[in-house]
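In this note's numbering, the protein residues as written are 85 to 564.
For every residue, glycine included, the Cβ atom is placed at its ideal position computed from N, Cα and C.
Here is the structure we will look at, set down as structure tokens.
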Ligand SMILES: [Fe+2]
Ligand SMILES: [Fe+2]
């Protein structure tokens, strides 16, 4: 048989040989390429492992790929064992399938590969909190925005409305814009404007060791039909009027990260507030969906500080350490580089300091069964991080992802869930057939929007869960 096949291929004309080789190479390139590409997009491994229907479609693509290879194999055999000319029928069936596959995979590549090109206009300014501290020990910050066309801009700023400090002008034109503020003084009000735009102002935190008053919430889900923007509005109005030092947003800012229009809507809504308070958003699973991470990085993580990571941050305010991690669905986005960075940063922090962890995915949490997965205590997160947290005496952990409010205590570490910034609240887990109370749960509230007000002062932290109207829902004291 093998000698027959060998003779057959030796006798093929150049044209016939190219045809047969194309049959082999085309499916290899298109389907296998698409599968590799899907798995390489940040956030997609989590999406595939947590969402049933996505997993199903990926399996269909893999099965189709295998079938195509089998079809091509059969076609090769039929053609080579038979007469020396190409047998028409199997070849035609194979070619039809290949054309179909080519259309599907080119469509997939085309759609997913052009997410960063499909922008829908300029993005409003924000005052972002970055990793590290400036020359006066105040956290690094940056005024950032995005323009659809390449432009060159100037930031005018000062401690009075005269904007008396030396202006900052970009040296080259670009679409992403970021002005680093690393010379800020503590407890000082700054005024600024971009070109001849609005004048904004913000106040830097007071420089009292172990003092910080911040607001934190999560899961805005801009673009989702069932999100409640009145609640978001109330939360932001109260955050600005009650003079918090900084605002943290634990992710899922948008419903689908591949749609730039949702980022535009989110940033337009947030800009009037987050130009007046240092703001640190973090990456949620919805933000990175199908390639949204490129957009997230452009809008929320400017490349300003050499060698600093773009997806995770170590923020230090008055000796209080806040580690912002990229944990979207769970441990799927915990890369080796991130682990190395986190462990080495933790080694440089004293166990006597306040150490806070913030990220999107939850560790301990109450929850219920969703789409083939249990959305309570995330065992992978717990086994990856709990020992490390105990070893480094982590004080508090803040997550969203589940849309409810909860406080849990395990091994002296206080875990907070605050997925209540405006995304649709999850139903009460006790109303679900398959559900579980989170280990160490102390207090749980569902069906309520709001945020968590945290005031750290010396060795005590006061945690207050608040409604969008500023009503106190529950309060706890935590000791360092
Ligand atoms: Fe969410
Ligand atoms: Fe989420």
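Check each candidate in 534, 557, 544 and 511 and name the one with the smallest Cα separation from residue 527.
-> Nearest of 534, 557, 544 and 511 to residue 527, Cα basis: 557.
As assigned by DSSP and simplified to three states, the class of residue 562 | In the structure shown, the three-state DSSP call for residue 562 is strand.
Return yes when the C-beta of residue 302 is under 8 Å from any heavy atom of ligand 1, and no when it is not.
-> yes
Write down every uninterrupted run of the beta strand (DSSP E) in the segment 263 to 328 whose length is 3 residues or greater and which is fully enclosed by it, in chain order.
-> 273 to 278, 284 to 287 and 295 to 301
Alpha-carbon to alpha-carbon, residue 181 and residue 168 | At residue 168, the pLDDT of 49 sits below 50, so the modelled position is not reliable and the matter cannot be decided from this model.
Beta-carbon proximity of residue 516 to residue 452, cut-off 9 Å | yes
Counted within 10 angstroms of its Cβ, other Cβ atoms place residue 561 as buried (16 or more) or exposed | Its Cβ having fewer than 16 others within 10 Å, residue 561 is exposed.
Put residue 407 into one of helix, strand or coil per three-state DSSP.
-> strand
Assuming residue 305 contacts residue 127 (C-beta within less than 8 Å), just tell me the rounded distance between them.
-> So it is not a contact: roughly 16 Å between Cβ atoms.
If I'm right that residue 378 touches residue 199 with Cβ under 8 Å, what's the distance once you round it to whole angstroms?
-> 6 Å
What is the DSSP secondary structure of residue 420, counted as helix, strand or coil?
-> helix
Cβ-based burial, residue 137 [other Cβ within 10 Å; buried from 16] = exposed
Leaving out five residues on either side along the sequence, give the residues of the same chain with a beta carbon under 6 Å from the beta carbon of residue 135.
-> 455
With distances taken from CA atoms, which of 389, 469, 357 and 246 is nearest residue 441?
-> Of 389, 469, 357 and 246, the residue nearest in Cα terms is 469.
Provide the residue span of the beta strand (DSSP E) that contains residue 525, from first to last.
-> 525 to 529
Where the alpha helix (DSSP H) through residue 465 begins and ends | DSSP places residue 465 in the uninterrupted alpha helix (DSSP H) bounded by 463 to 475.
Excluding the 5 residues preceding and the 5 following residue 260 in the sequence, name in chain order all residues of the same chain whose CB lies nearer than 7 Å to its CB.
-> If we look at residue 260 and ignore the five residues flanking it on each side, its Cβ neighbours are 230, 382 and 386.
Supposed close pair residue 238, residue 257 - CB separation, criterion 8 Å = That belief does not hold up - the Cβ atoms of residue 238 and residue 257 are roughly 12 Å apart, past 8 Å.
For residue 488, does the count of other Cβ atoms within 10 angstroms reach 16, so buried, or fall short, so exposed?
-> buried
Thinking just about the alpha-carbon of each residue, which of 340, 535, 335 and 302 is nearest to the one in residue 553?
-> Closest by alpha carbon: 535.
Indicate, with yes or no, if ligand 1 has a heavy atom lying under 8 Å from the CB of residue 157.
-> no
Counted within 10 angstroms of its Cβ, other Cβ atoms place residue 359 as buried (16 or more) or exposed | Label assigned to residue 359: buried.
Residue 168 in three-state terms, based on DSSP | In this predicted model, residue 168 has a pLDDT of only 49, less than 50, meaning its place in the structure is not dependable; the value taken from the coordinates is given anyway. Correct three-state label for residue 168: coil.
Any idea if residue 463 is buried or exposed, counting beta-carbon neighbours within 10 angstroms, 16 or more meaning buried?
-> exposed
Mind listing, in chain order, the residues whose beta carbon lies closer than 6 Å to a non-hydrogen atom of ligand 2?
-> 336, 368, 369, 370, 444 and 485
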